[in-house]
Every structure is written in structure tokens, then in C-alpha cells.
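Let me begin by presenting the structure, written as C-alpha cells, before commenting on it.
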Amino acid sequence: MRISLAFLLVSLAILTAVSQVASPSVYHPSVVADNQNDSPFVVPVKIDTYGDAWSGYLAFGLWQFNSTDLSVLHSYLVVMNTKGQLLDIRRSNEIPSYWPVKYISSDTLMFMGEPDSLATHFWNMKTNKTTDFPNVWGHHDIIFNPSTGTFLTLRDYVRVIDGRNVLMDKIVELNAAGDVLWTWDTYSDGHFSLNDECPCNDTTGASSGYLPGQTLIDLTHSNSLQWIFDENVIYVNMRALNTFCKINKTTSQTIWCLGEHGNFTLYDANGKRVPSLWYHSHDVEEVQPGIFSMFDNDYHNTTRPCQQTLNGTISHSRMLEVAVNEQNMTARVSWSWTAPSAYWTPYWGKEDRLTNGDRLGTFGSQSHYVPNSSGAVLVEVNPKGELVRSYTFPYGWGIYRVEEINLQTLNDYDGKWHSNDFNVNLATINAIGGATDIYYKINDGSILNVDKNGQPRITMPGGNNTLEYWSVDNAGIEEIPHKMLIGIGLNETSPANSSFTANEQQLGYAIVFSLIVIVFAVVLSLRRMRKRGQRH
Ligand SMILES: [Zn+2]
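Mapping of the sequence shown onto the numbering used here: position 70 corresponds to residue 305, and the numbering continues sequentially without gaps.
As C-alpha cells, then:
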């Protein structure tokens, strides 16, 4: 009897703690953080909408180049909504800063760049606090694994092969102090040799600080990483080889490579066997099992003569998706969107799937090497291949890769049957664009609002209650798609119904047991102390 009372009290305490964590917090939107300059910055973007487009937030490094010689003038880290309104900004006058920008938690971005060029930083947009990891540096990409607290990035090094100086890459896993915990070398296991060198003269000068005055063969030019945490698998893209590899991080073994120098037979969209499906691509990512998306730059396309100077009028970058069959070792184009030559992007670029099913392409180079070129262009295309929105920047403004952020609303429903009417509490967890309204519909009824109508209350007996809910910010940015909670159970006729799960009961018993042990231990030690006190 005493145990069950204690169990109830402890369980109630646990439930209260849990519901406090999940309950909506008051969110104070961050003011525009302008670190180095007080002059207002307006994002130089022209947005054209042609169809039903995604709404949310975009975070990216925006680079302003001198329009005559294309040297870098300024770097900005821009956070804007899909209407082009600026929400947050950082500025740097360094060489291109803010390379990869990643959204890592509700209020926080991770970026490589300012104040120390290629090092990693976390930036909390709400508090404007920056956390620096000066020894976590690399090139092109950075991944943070929250469960290990470690980072994955790319580092290059010079290897002498057949008497020639060749720039190669390693994947490195680093802890927050920058200690190298694990590496994988693009030269390992003899996957690639100088025979695989791009025929269009991929070289790099001494700008990277290696062997000043000498020219290095840029054999691999790795530029993107994906770490599938639960399988501990890594995908690494090597731009200059037109190939990406799947690596078992646990064993450090390469499972396969796919592309011009890989293990798969390649088929284009017409089923025709081809030597390569892409040319010097960026940002390879497995987006669903067996489907990989990437940005195919169409640079050094060896079905044409090598270009001596950049010329966009004959080239077409595209968003590309490839279906991979690991049983029969084939890969074929499953979806693509080819841009007009006016968007040709010989370097940088990204393809992403948005939460509404559309694709967003970063055709990001600051020039497309055509007459009257614009700068970076972002393109939203629906699955049918229809252009629904474009974001056009002026000539001289470049974007490496864009990160999309969806407004997100959470509910605190515990998934159980309740015996009395109850609330399902809703909260926006990332009000990046400022205060939000949360709307909802219970059982497909009328649209209600948390501010005006209170949190949704479940009053209809039965197991099929539904709750559709979504956030909308001050600027009208709406969470897409709406969230849907189904099978909410209310059983007012069954008083015997327990609201505790087996796990919560076990946890409650464990805590009660621990408390009893602690009480016994305290009592015992007090008695011992008293006994000792009696002796002396
Ligand atoms: Zn090349």
C-alpha cells in the first residue's frame, strides 16, 4: 500500500517533469544580429513564384565578388525567409567564409568560417552566442554527430605518385578539441590511381599553401560527406573523379564506389549505358533507401572537348537523382531537372528535397559565364519538373550551398488512452522568424488558434480523434506540410484504464527502490556514526 502511494507520487513527479519539458515555452524572437556593421542589409534577391511553393527559412553563405575581376569583397551568413526578408546576419571581410552552413538544432546553425576561415562554429541565433571549435577545421563539408559529440570533415594532403605531386583527401573524425579519432584516405586500398585523372587538367596552384610555386594534380577533390549515424556508413563524393564511395566506418572498409571510376553499370534516363552519369558533381546524399540526389555541375563533361575557358552557353547543370541497385550493381537516373544554360554552375551547388516534395537547387556560382549573366540562382521545382519559384541574385553574388529550415511544431500527447477530457499541448520549437501563431483542427473541424481558443482539448470519446496543427509566423511563413496526429484515445467509461505505461511503471519502481536503498544506507551510516561516537 505504501509502495503504491510512493509509486504514484514519484510517477506523478516524473510525468510533471516530462510535461514541463514538452510544454510550450515563451519564445523571444532573436533580433537581427549584425556583428560588425550597423548599416542595414537588404538581401539582394528577386523572387518569382509561378506555382505552389514551399515556405520556410533559408540559411546560407552569400559571397559578394568584385564584378570586374570576380575577387571576393564580402562574405555574409544570411538567414532569410522564403519571401526574401532578412532574419539574421553575420558579416566577414575574409576570403569566402561560411562555406557549409548546417542547421543542427532548434536555434543553432553550424558553419565553417569567420573568424578563422575554415574552422567550425556553432551560432545560436536566439541568444547570438557563438561557440568556436578552432581545431575542428577542414574543407568543403562538416558534419556534427550529436550522439558522439564528434565531427566529420575533409582534409587534403600531398602524395607523390609516379614522381608527380598529387593532392589527395582524407576523411577525418575529430572530437571538439580537434584530436583525430578516425581517418579514411581516398588513396587507400588502391581504389584510385593517376590513370583516373580527369583528362581536362584538374590542377590546383599554391594558394592552398602547399609546395609554393608548384602545380598539384587535383585527383580527387572530395567535396561532400554524409554520415548515416545508425548504420555508421559514410558517403563521400569525389568531384574530379565523377565518383562517390560508400564506406563502412566501423571497419574502415570501402563497400563500393559508384560513378565513372566505380563498380556499377550506369544507365541514363533512356536506359542507355553510359560511362558517367554526371560531371564534377557536388553534394551527394542518400535521400531515401537506394536513391541518391546530387548537383551535377556539367563541368569537364568529357563527351565534349575540354573547355579552355569557362563557357556557359554550351553547358547545362542539373539536379540529378540516381536509383542504385546493390544486388545487380546498376545505377540509373530516376529523376532530373536540367537548367537552362543561363544557370550553368561550374563549381559549388546543391540539390535538396523540401518537406512539400519539391526540390531546391543551388545554381550558386556568382557568374554563369553567359552574356548578361545573373549571379546565384535558387530554383524550386516540383516532382513533375515544373518550376514553381526562383530566387535570383545579381551578377557577382555567389552561394555555395543553401540550408532549408522548416517551421516545426511539437505536441506532448503521450500516445495513451485518457479517461477524462484532456489537452494536447502544442509549441513551436524554432520560431526563427519571430513570434508564431499555432493553428489546429480537431477531427477535421473548424480552424482554431492556441492564443484565442487555448490548447486543443480532446473531448470526443473514442480512439480515432485526430489533430491537425501547424505554426505560422508574423510574416506569414507557414509550416508545410501541416502535422497530423491520429488515433488520440479518450475513454470516459473505463475508470480502470491506467495512464501509466509499463516503462513508466518500471521507471517508477526503480526510483522507489533506489530511494529505499538510499534511505537504508543513510540510516545505517547514521547508526554506525552514533556507535563510533559512543566508543570515543
Ligand atoms: Zn576535371
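All C-beta atoms, glycine included, are put in the ideal place defined by N, C-alpha and C.
Separation of residue j from residue i, as counted between CA atoms
| i | j | result |
| --- | --- | --- |
| ILE469 | THR489 | 9 Å |
| LEU409 | GLY711 | 41 Å |
| ASP367 | ASN359 | 12 Å |
| VAL336 | GLY697 | 46 Å |
| GLU329 | HIS717 | 41 Å |
| ALA288 | ASN436 | 41 Å |
| ALA662 | THR701 | 17 Å |
| TYR514 | ARG567 | 15 Å |
| VAL623 | THR439 | 38 Å |
| ASP269 | ASN607 | For ASP269, the predicted model reports a pLDDT of 44, less than 50, meaning its position is unreliable; a value from the coordinates is still stated below. Cα to Cα, the separation comes out at about 32 Å. |
| GLY610 | GLY633 | 6 Å |
Extent of the continuous alpha helix (DSSP H) to which residue i belongs
| i | result |
| --- | --- |
| LYS687 | 685-688 |
Boundaries (first-last residue) of the beta strand (DSSP E) holding residue i
| i | result |
| --- | --- |
| HIS517 | 517-523 |
| PHE368 | 364-372 |
| TRP358 | 354-359 |
| GLN543 | It is not in any beta strand (DSSP E) - GLN543 carries neither H nor E in the DSSP assignment. |
| GLN461 | 457-463 |
| GLY773 | No statement about residue 773 is possible, as the shown extent of the chain runs from 236 to 771 and does not include it. |
| TYR392 | 385-396 |
| MET554 | 553-560 |
| ARG567 | 565-573 |
| SER528 | 526-531 |
| ASN536 | Careful: ASN536 lies outside any beta strand (DSSP E) and carries neither H nor E. |
| GLU714 | It is not in any beta strand (DSSP E) - GLU714 carries neither H nor E in the DSSP assignment. |
| CYS480 | 478-483 |
| GLN299 | 292-300 |
| GLY722 | 718-725 |
| ILE282 | 281-284 |
Status (buried if at least 16 other CB within 10 Å, exposed otherwise) for residue i
| i | result |
| --- | --- |
| VAL819 | Residue 819 is absent from the model: the chain starts at 236 and stops at 771. |
| ALA475 | buried |
| GLN449 | exposed |
| ILE238 | Because ILE238 sits at a pLDDT of 37, beneath the cut-off of 50, its placement in the model cannot be relied upon, and the following sentence gives the value as read from the coordinates. With fewer than 16 Cβ atoms within 10 Å of its Cβ, ILE238 is classed as exposed. |
| ASN477 | buried |
| VAL614 | buried |
| SER260 | Summary for SER260: the model assigns pLDDT 30, below 50, so the residue's position carries little reliability; its value from the coordinates is reported in the next sentence. Exposed, by the Cβ-count rule. |
| MET473 | buried |
Assumed close pair residue i, residue j - CB separation to whole angstroms, cut-off 8 Å
| i | j | result |
| --- | --- | --- |
| ARG390 | ASP404 | 7 Å |
| MET554 | ARG594 | 5 Å |
| GLY296 | TRP334 | 6 Å |
| TYR311 | ARG325 | 7 Å |
| THR421 | VAL407 | Not quite, the Cβ-Cβ distance comes to about 12 Å (not below 8 Å), so this is no contact. |
DSSP state of residue i mapped onto helix, strand, coil
| i | result |
| --- | --- |
| SER681 | coil |
| THR548 | helix |
| TYR514 | coil |
| LEU305 | coil |
| ASP649 | coil |
| TYR630 | coil |
| LEU321 | strand |
| ASN430 | helix |
| TYR333 | coil |
| ALA611 | coil |
| TYR404 | It should be pointed out that residue 404 corresponds to Asp in this sequence rather than to Tyr. Note: ASP404 maps to strand in three-state DSSP. |
| TYR704 | strand |
is_contact[residue i, chain C] using C-beta, thresh 8 Å
| i | result |
| --- | --- |
| GLN461 | Of the protein chains in this structure there is only one, and it is not chain C. |
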